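Plus 1119 on top of the position in the sequence shown (first one is 1) and you've got my numbering.
Beta carbons: idealized from backbone N, C-alpha and C, even for Gly.
This one's a predicted model, so the numbers in the text were calculated from it and none came from an experiment.
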Amino acid sequence: MATARGPEMAEDGSSAFCSSPADRKDGPGSEHSSYLAACRACGVCPASCLLPGPRGPALLLRHRGVGPRVRALALSLMANTSVISLDLGDNWLLGEGAAAIAEMLKENCSISAVDLSDNKMGIEGAKAISAMLLENTTVVVLQLSGNEFDDHAAKYLADAIAANSKVEVLDLSYNKFGDKAGEVLGVAIAENIGLKELKVSWNHFHSEGAVALAKGVGANVFLKVLDVSYNGFGNSGAAALGEALRANNVLEELNISNNRISVEGALRLAVGLRENKTLKILKVSNFLPVSVTAEGNREGREEAECVNNKVLPEGFRHKTSHVVHQRESFQE
1120 MATARGPEMA EDGSSAFCSS PADRKDGPGS EHSSYLAACR ACGVCPASCL LPGPRGPALL
1180 LRHRGVGPRV RALALSLMAN TSVISLDLGD NWLLGEGAAA IAEMLKENCS ISAVDLSDNK
1240 MGIEGAKAIS AMLLENTTVV VLQLSGNEFD DHAAKYLADA IAANSKVEVL DLSYNKFGDK
1300 AGEVLGVAIA ENIGLKELKV SWNHFHSEGA VALAKGVGAN VFLKVLDVSY NGFGNSGAAA
1360 LGEALRANNV LEELNISNNR ISVEGALRLA VGLRENKTLK ILKVSNFLPV SVTAEGNREG
1420 REEAECVNNK VLPEGFRHKT SHVVHQRESF QE
């Protein structure tokens, strides 16, 4: 729904830039003059919410509905050295807006944290972000959740993940990655030497993709936090994660909640846990699928009650008891 705007509202629905000399610094080369010049070049109306003025190192611009017109801001930030954190979440940037921000980040040497979540970037945005990551050496935290990235987009992102060694925190949750994405991302994760935290929850990684992703984790020697919750790993994915944990002695936190894992998968995961020496936190809520319960089956009903109360199977508890006792922060 369009936002009503009065005489002091800019095109993007935000309050227009105040032209009072007391409220701005507009000398040659200032951030203010750079932004105005960028607006003139792009043919958009200046807005105070997008003005890179003296507002501190964090530029928070979520939910502004800026869209592709963000290119004016991108131009003004190319040589900016005061902003180190940029949050443009939920701005409907699309591929065009993502490309503008990506080009800016190729030139900017100060911004280290970027949030571009929920911007419907699609494959064009994935291409632009990937190209940026092949050149940028300053971004450490990158949030790309909810951008409609699919298996095709994953190919471009995988190239960047494999080559980039500077990004330490990457959020790719709430996208549309499937098994093909799991295969290419798994290879990229195995080759990556910079990531410390990776979130890929709420995607569509099932058996083949989950196994490939787990193999990549097993080969990685830098990753400390992994969130694969709300996918469809199943028993084969759980078994692959067990093998990964057996080989990996770096990972400290793992979230595998809501992955359609039954008793069989839990036990195979537990075998790997017994060999692992570094994992401190394991999140496994709703570990068993309630769907296995048969109507009228007493044993099934009891199992469902255990599921709802987050009680793990006895065999799993037995195999992981030493881990729980040794690590007080371990979560079940």
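Query, Result
"Among 1216, 1229, 1358, 1343, whose alpha-carbon lies nearest the alpha-carbon of residue 1207?", "1216"
"Please determine if the region 1270-1283 and the region 1219-1227 are in contact, where contact requires at least 3 C-beta pairs separated by less than 8 Å.", "no"
"Mark residue 1340 as exposed unless 16 or more other C-beta atoms lie within 10 angstroms of its C-beta, in which case mark it buried.", "exposed"
"Quick check on DSSP: helix, strand or coil for residue 1372?", "strand"
"Classify residue 1342: buried if its beta carbon has 16 or more other beta carbons within 10 angstroms, exposed otherwise.", "buried"
"For residue 1198, which of helix, strand or coil comes out of DSSP?", "coil"
"Using 8 Å for Cβ pairs, my map puts residue 1367 next to residue 1336. What's the rounded Cβ distance?", "6 Å"
"Leaving out five residues before and five after residue 1376 in sequence, what residues of the same chain have Cβ atoms less than 8 Å from its Cβ?", "1348, 1349, 1402, 1403, 1404, 1405, 1406"
"Please go through the region 1259-1298 and give each complete alpha helix (DSSP H) segment of 4 or more residues, from N-terminal end onward.", "1270-1282"
"With a cut-off of 8 Å, does the C-beta of residue 1288 fall near any C-beta of chain B?", "Going by chain labels, chain B is absent from the structure shown, which holds only one protein chain."
"Please list the segments of the beta strand (DSSP E) lying wholly inside the region 1176-1247, counting only runs of 3 or more residues, in order along the chain.", "1177-1179, 1204-1206, 1232-1234"
"Short of 6 Å in beta carbon distance, which residues of its chain neighbour residue 1372, apart from the five on each side in sequence? Order them along the chain.", "1344, 1400"
"Name the residue from 1287, 1194, 1195, 1243 whose alpha carbon lies nearest to the alpha carbon of residue 1270.", "1243"
"Could you pull the start and end residues of the beta strand (DSSP E) that residue 1344 belongs to?", "1344-1346"
"Check residue 1380 in the structure and name its three-state DSSP category.", "coil"
"Quick one: what's residue 1317 bridged to in DSSP?", "1289, 1345"
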